[in-house]
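In what follows, a structure is listed as C-alpha cells, so that the remarks can point back to it.
The following block contains the structure:
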C-alpha cells in the first residue's frame with residue numbers, strides 16, 4: 001500500500017510539472033442521433049462509422065443517442081452533451097409539418113421523428129451547438145416551423161440529379177456558398193459535394209438564413225441567425241477521410257462546442 005501511495009504521489013508531481021500546453025482539455029461530448037432498421041422482426045438502431053470517425057478526428061468524443069420515447073431518458077441523454085449532430089436517414093413524416101403524404105413520399109419513422117423533436121427541444125434549451133446533416137437539415141427546418149418538398153419532382157422548376165449513384169466518398173455536384181457563413185472558412189465560395197436525397201427544404205423556417213445552394217437553387221446549407229445551429233444537405237462525414245476541407249467542417253463545429 002505504501003509503495004502504491006508513493007507511486008501515486010510521484011505521478012501527481014509529474015502531472016503538476018507538465019507545461020500547460022501538455023495538459024489536454026476535456027474533449028467536447030458530441031451526441032449523434034441513430035437510424036432505425038426493422039428486419040425479420042429484429043428492430044435495430046445504428047449509425048454509420050463515418051460520423052463517429054469525423055467527430056473523433058475533429059477532437060470530439062462521440063456519444064451515440066438511441067431512439068426512445070421516454071422523456072426522462074432523452075433529457076438524461078442530452079444533459080452531458082456539449083454539441084449535437086442530427087444525422088441522415090429516411091424521410092421525415094409529413095405529419096410533422098402538417099401535410100398529407102404525397103405519392104413519392106418515402107419510408108419514414110414517426111418514432112425517430114418524435115424522438116429527434118424532443119432531443120432538439122432539450123438541446124435548444126441547453127443552448128448547445130447543433131449540426132444537421134442531410135435528413136438533419138430537414139428535421140431542423142421542420143422543428144423550427146419550415147416545410148419540405150416531399151420529392152424534388154414536386155419542385156416547380158428544373159433540378160439537377162440529387163440522388164447520385166457514385167460512391168458516397170465521391171462528390172457529384174457543385175454548391176455556391178455565402179461569404180459570411182459557417183461553411184465559408186472551410187470550403188470558400190464554391191465546393192463539390194456528394195448528394196443522396198430526394199427531399200429538400202421548401203419553406204425556410206423563421207430566423208434561419210440560406211448560406212449555400214446548388215446550381216438549380218435547391219438549398220444546401222442553412223444556419224440560425226442568432227443561435228449556434230447549422231445544417232447541410234450533403235454528407236461531409238462520407239467525404240472527410242479524403243478531403244481535408246470536409247473534415248474541417250467538423251473541426252470548426254466541434255471547436256464551437258468546447259467547454260469555456
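In full-length UniProt numbering, the protein residues as written are 1 to 260. Where a beta carbon is used, it is the ideal one built from N, C-alpha and C, also for glycine. A quick note: this is a predicted structure, and the numbers were derived from the prediction, not measured.
#1: Spatial neighbours of residue 110 within its chain, please: CB distance less than 6 Å, with the 5 preceding and 5 following residues excluded, ordered by chain position.
#2: Identify, in the order they occur along the chain, each residue of the same chain with its Cβ nearer than 7 Å to the Cβ of residue 186, setting aside the five sequence neighbours on each side.
#3: Here's a check: name, in chain order, each residue in its chain whose Cβ is nearer than 6 Å to the Cβ of residue 182, leaving out the five neighbours to either side.
#4: Decide if residue 95 is buried, meaning its Cβ has at least 16 other Cβ atoms within 10 Å, or exposed.
#5: Which of the three DSSP states is assigned to residue 136 in this structure?
#6: By Cβ distance, which residues of its chain are closer than 6 Å to residue 50, with the 5 residues on each side in sequence left out?
#7: Given a threshold of 16 other Cβ atoms within 10 Å of its Cβ, counted over all protein chains shown, does residue 140 qualify as buried or as exposed?
#8: From this set, 135, 114, 101 and 128, which residue's C-alpha is nearest residue 89's C-alpha?
#9: Using DSSP's beta-bridge definition, name the partner residues of residue 150.
#10: Would you report the Cα separation of residue 216 and residue 160, rounded to the nearest angstrom?
#11: Give the DSSP-derived three-state secondary structure of residue 268 in the structure shown.
#12: Since residue 250 is in the alpha helix (DSSP H), which residue starts that stretch and which ends it?
#13: Relative to the alpha-carbon of residue 38, which residue among 31, 46 and 27 has its alpha-carbon at the smallest distance?
Reading from the atomic positions:
#1: As a position in the chain shown, residue 110 is number 110, starting the count at 1. Listed in chain order, the non-local C-beta contacts of residue 110 below 6 Å within the same chain comprise 93, local neighbours out to five positions each way being set aside.
#2: As a working note, residue 186 is residue 186 in the chain shown. So the qualifying residues of the chain are 245, 248, 249 and 252.
#3: Looking up residue 182 in the chain shown gives position 182. Within the same chain, residue 182 has close Cβ partners 223 and 230.
#4: Taking the chain shown and counting its residues from 1, the one referred to as residue 95 is at position 95. So residue 95 counts as exposed.
#5: In the chain shown, counting from the first residue as 1, residue 136 sits at position 136. The answer is helix: DSSP assigns residue 136 an H, G or I state.
#6: Here residue 50 corresponds to residue number 50 of the chain shown, with the count starting at 1. Around residue 50: 237 and 238.
#7: For this step, residue 140 is matched to residue 140 along the chain shown. The residue in question, residue 140, is buried, as its Cβ has 16 or more Cβ neighbours within 10 Å.
#8: Taking the first residue of the chain shown as position 1, residue 89 is located at position 89. Comparing Cα-Cα distances from residue 89 to each of 135, 114, 101 and 128, the minimum goes to 135.
#9: By 1-based counting over the chain shown, the position of residue 150 is 150. None, per the DSSP bridge assignment.
#10: Reading the chain shown from its first residue, position 216 is the one you call residue 216. Reading the chain shown from its first residue, position 160 is the one you call residue 160. About 6 Å.
#11: Examination of residue 268 is not possible in this model, given that the chain is present from 1 through 260 alone.
#12: Along the chain shown, read from residue 1 onward, the residue named residue 250 stands at position 250. 244-256 is the extent of the alpha helix (DSSP H) around residue 250.
#13: In the chain shown, residue 38 corresponds to position 38, counting from 1. Nearest option by C-alpha distance: 46.
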